[in-house]
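Just below is one structure, and these are the notes that go with it.
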Amino acid sequence: MNSSTPAVSIDGVVKKFGSVTAVDNLSLDIHPGEVVAFLGPNGAGKTTTVDMILGLSNPTSGTVEVFGGDPRHAIALGRVAAVMQTGGLLKDFTVRETVELTASLFRPARPVDEVLDRAGILEIGDRLVGKASGGQQQRLRFALALLSDPDLLILDEPTTGMDVQGRRDFWNAIRSDAERGRTTVFATHYLEEADAYADRIVLVRRGKIVADGTSAEIKAMAAGRTVRATLEGADTAALAKVEGVDSVDVRGESVLIHGSDSDAIARYLLNHTTARDLEITSRNLEEAFVALTADDAPIAEGALA
Amino acid sequence: MSQTPTALDLGLTAGGDIRRTPPMGGFSLAFLVLELRRLMRNKRAVIFTLVMPSAFFLLFGTDSKYKTESAGHGNTTAYIMVSMAVYGAMIATTSGGAMVATERALGWSRQLRLTPLKPVAYVAVKVAVAMTMGLAAIVTVFIVGNLVGADLSAGRMLLCGVLAWVCTLVFAAFGLFMGYLLPSENVMQVLGPALALLSFAGGLFIPLDQMSDVFATIAKFSPAYGVGVLSRSPFGDDGSILLAVINIVAWAAVFVGGAAWRMSKDTQRV
Chain A
1167 MNSSTPAVSI
1177 DGVVKKFGSV
1187 TAVDNLSLDI
1197 HPGEVVAFLG
1207 PNGAGKTTTV
1217 DMILGLSNPT
1227 SGTVEVFGGD
1237 PRHAIALGRV
1247 AAVMQTGGLL
1257 KDFTVRETVE
1267 LTASLFRPAR
1277 PVDEVLDRAG
1287 ILEIGDRLVG
1297 KASGGQQQRL
1307 RFALALLSDP
1317 DLLILDEPTT
1327 GMDVQGRRDF
1337 WNAIRSDAER
1347 GRTTVFATHY
1357 LEEADAYADR
1367 IVLVRRGKIV
1377 ADGTSAEIKA
1387 MAAGRTVRAT
1397 LEGADTAALA
1407 KVEGVDSVDV
1417 RGESVLIHGS
1427 DSDAIARYLL
1437 NHTTARDLEI
1447 TSRNLEEAFV
1457 ALTADDAPIA
1467 EGALA
Chain B
837 MSQTPTALDL
847 GLTAGGDIRR
857 TPPMGGFSLA
867 FLVLELRRLM
877 RNKRAVIFTL
887 VMPSAFFLLF
897 GTDSKYKTES
907 AGHGNTTAYI
917 MVSMAVYGAM
927 IATTSGGAMV
937 ATERALGWSR
947 QLRLTPLKPV
957 AYVAVKVAVA
967 MTMGLAAIVT
977 VFIVGNLVGA
987 DLSAGRMLLC
997 GVLAWVCTLV
1007 FAAFGLFMGY
1017 LLPSENVMQV
1027 LGPALALLSF
1037 AGGLFIPLDQ
1047 MSDVFATIAK
1057 FSPAYGVGVL
1067 SRSPFGDDGS
1077 ILLAVINIVA
1087 WAAVFVGGAA
1097 WRMSKDTQRV
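Chains A and B, in that order, give the protein sequences. So the mapping is simple: the working numbering equals the position in the first sequence, first residue as 1, plus 1166. So the mapping is simple: the working numbering equals the position in the second sequence, first residue as 1, plus 836.
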């Protein structure tokens, strides 16, 4: 879906709680249709940022806009919905009543049965919320978020408490909506979920963005990639001059070249040498995450676009 | 960049419907009915608002001498019936207002802030639920009273009921104020005994003229006093109506002001 207005536009946002700076001059645009994972260690400022996107709190300075306007207005029109960890449910409503009540607040609202079905809880509609399992309650929160058919869906640790099947169903539902243009932002500590389901990963540490790119770009950024090739009589000096290369190791007939631009390395090897059997390997996302969010890691200026 | 505006630019749903905010900030009959249905599931609330006041009335008000003893335009049984109805309505409206405490403690209010529901509409729903329960409490005691010999003309009895009902709005505000003040899931465990105390002190269980002078003076400051006196005024004016009205207005100002103050703090964006 083409639209010139960003779904979320965060510009120079600072959020302080007393002397603690939770969000430190953060700027970020999220475009319609993107599926963005928000990753960071505890206390990185993820939930604080999400609260500001939802208009639950105001920035100390800077601006947050949702579809070009006030976040609360986007909430009032049902353009934004969220599944929050902190959002509570009332135990003495049934699952269906909870959805009916929430549906009464949106104009228009999707049919109650439809959202119950999509969240996989249609058959437990008459169960009291207090008697539903943690995973079922989480699905109920998801059903509530689907009611307004939102343009932007925000999920804070959405699959907490779900079993493997529940998690798979959940992500299938998210993906199919994203394909139809729904912007989705989720915070998760399941790195494999970010890797598998996000188009874009934003890594946050101490209220700042430390990396922003595709999962592959993040991995490369933290670790670079290693290109291994079979090459006799390698000219290590020439290889070291290839763009982005930081080390060249010759081990018998193998050469291992480590650098930030594995494409350039491979192109050079194939075009200018007799190298064969190329293999490109990278660190996995978890290693990249640890490397980028560790307390002594440098903060990248102008993170990947 | 010129392009045809998409559904997204226009703020339409994917289905092409215009997105709107709900009428009356989200207050609706459907909301009210769901809330009442939920409340009726709460056995404790049903016992405290519908069963207990009637039980107290049967206990205190049906002595055979009360049925023949006159109290203004009615008999003493009817007089006690009205007092117990006021007591029941007080509990019902206070607990209705205090529901916000439970809902805040459970995080439901936070969940509702992700919807278009306006805070004032939320409070209006709580007050409407509280007043509906208050009405049910009054009607129940009145039915029981009429079955066991309360004597008062229908017109005066209706007036008593309406006055009791309208006056207990003060306690809906009290419940809201306490609900916003006490961040507890079981706020009624504190407020229940407090209401019993206020009712004793306000002369709902024992008439003021049977109290010592000091205690009778203190009683006039209880928020239950004004509501009780005004609700029983159709029995005949004993000269204390003006004081009762002052009492009600003053307490209403305190509770409404307090509730509004706490509510605005609660819904403030920080």
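Ideal Cβ positions, reconstructed from N, Cα and C, are used throughout, including at glycine. Please read these numbers as outputs of a predicted model, since none were measured by experiment.
Quiz item: chain B partners of G1244/A, CB-CB under 7 Å?
Solution: R855 and P952
Quiz item: Does any C-beta atom of chain B lie closer than 8 Å to the C-beta of L1357/A?
Solution: no
Exercise. Can you check the segment 1317-1403 of chain A for any alpha helix (DSSP H) of at least 4 residues that lies completely inside it and give the ranges in chain order?
Key: 1330-1345, 1357-1363 and 1381-1389
Quiz item: Is any beta-carbon of chain B found at less than 8 Å from that of F1259/A?
Solution: yes
Practice problem: Please confirm if S1299/A has its CB atom under 8 Å from at least one CB of chain B. | Solution: no
Exercise. Please name the residue in V977/B, V1065/B, V961/B and L994/B whose C-alpha comes closest to that of T885/B.
Key: V977/B
Quiz item: Taking a cut of 7 Å between CB atoms, which residues from the segment 1444-1458 of chain A lie near chain B?
Solution: none
Practice problem: Just list the alpha helix (DSSP H) runs in the segment 985-1038 of chain B, keeping only unbroken ones of 4 residues or longer that don't cross its boundaries, in chain order. | Solution: 990-1003, 1005-1017 and 1024-1037
Quiz item: the segment 916-937 of chain B: which residues have C-beta closer than 9 Å to a C-beta of chain A, in chain order?
Solution: none
Practice problem: Scan the segment 1264-1278 of chain A for residues whose Cβ lies nearer than 7 Å to a Cβ of chain B and list them as they occur along the chain. | Solution: E1266, L1267, T1268, S1270, L1271, F1272, R1273 and P1274
Self-check item: Buried or exposed (CB count within 10 angstroms, at least 16 for buried), H1424/A
Solution: buried
Quiz item: Comparing alpha-carbon positions, which option in A1441/A, G1399/A and I1384/A lies nearest S1448/A?
Solution: I1384/A
Quiz item: What residues in the segment 1006-1035 of chain B have a beta carbon less than 9 Å from any beta carbon of chain A?
Solution: none
Quiz item: Under 8 Å between C-beta atoms, does I1241/A make it to chain B?
Solution: yes
Quiz item: Smallest Cα separation from R1305/A: which of Y1363/A, A1344/A, D1317/A and Q1251/A?
Solution: Q1251/A
Quiz item: What's the gap between the Cα of M920/B and the Cα of F1259/A?
Solution: 31 Å
Self-check item: For G1199/A, the three-state DSSP class (helix, strand or coil)
Solution: coil
Quiz item: Hey, does M1099/B have any beta-carbon neighbour from chain A nearer than 8 Å?
Solution: no
Quiz prompt | Nonlocal neighbours in the same chain, by C-beta distance under 7 Å from A1086/B, ignoring five residues either side | solution = none
Self-check item: For E1445/A, the residue or residues it bridges with in DSSP
Solution: R1394/A
Quiz prompt | Burial state of A1404/A (16 or more Cβ within 10 Å) | solution = exposed
Quiz prompt | For L1194/A, three-class secondary structure by DSSP | solution = strand
Quiz item: In terms of DSSP beta bridges, what is N911/B paired with?
Solution: S906/B
Quiz prompt | N-terminal and C-terminal residue of the beta strand (DSSP E) that F1183/A is part of | solution = V1174 to F1183
Quiz item: Any idea if V1174/A is buried or exposed, counting beta-carbon neighbours within 10 angstroms, 16 or more meaning buried?
Solution: buried
Quiz item: At a cut of 8 Å, does the segment 945-953 of chain B reach the segment 854-867 of chain B through at least three beta carbon pairs?
Solution: yes
Self-check item: Alpha carbon of G1235/A to alpha carbon of D1195/A, nearest angstrom
Solution: 14 Å
Practice problem: Using only alpha-carbon positions, find the residue among P1019/B, R877/B and W1097/B that is nearest to L1294/A. | Solution: R877/B
Quiz item: Should T1402/A be labelled buried (16 or more other beta-carbon atoms within 10 Å of its own) or exposed?
Solution: exposed
Practice problem: Answer with yes or no whether the minimum CB distance from L1255/A to chain B is below 8 Å. | Solution: yes
Exercise. Give the C-beta separation of D1365/A and V1201/A to the nearest angstrom, bearing in mind that I take them to be a contact with Cβ-Cβ under 8 Å.
Key: 5 Å
Practice problem: Taking V887/B as the reference, give the member of I979/B, S1020/B, L1017/B and F1051/B with the closest Cα. | Solution: I979/B
Practice problem: Consider the Cβ of R1346/A: report whether some Cβ of chain B lies at a distance smaller than 8 Å. | Solution: yes
Self-check item: Neighbour flag for D1283/A against chain B, beta carbons, 8 Å
Solution: no
Exercise. Below 8 Å on the Cβ atoms is my guess for V965/B versus L875/B; work out the distance and round it to an integer in Å.
Key: 6 Å
Quiz item: Taking 7 Å as the line, does the beta carbon of A1457/A fall inside it for any heavy atom of the ligand SAH?
Solution: For the ligand SAH, the structure offers nothing, since it holds no ligand at all.
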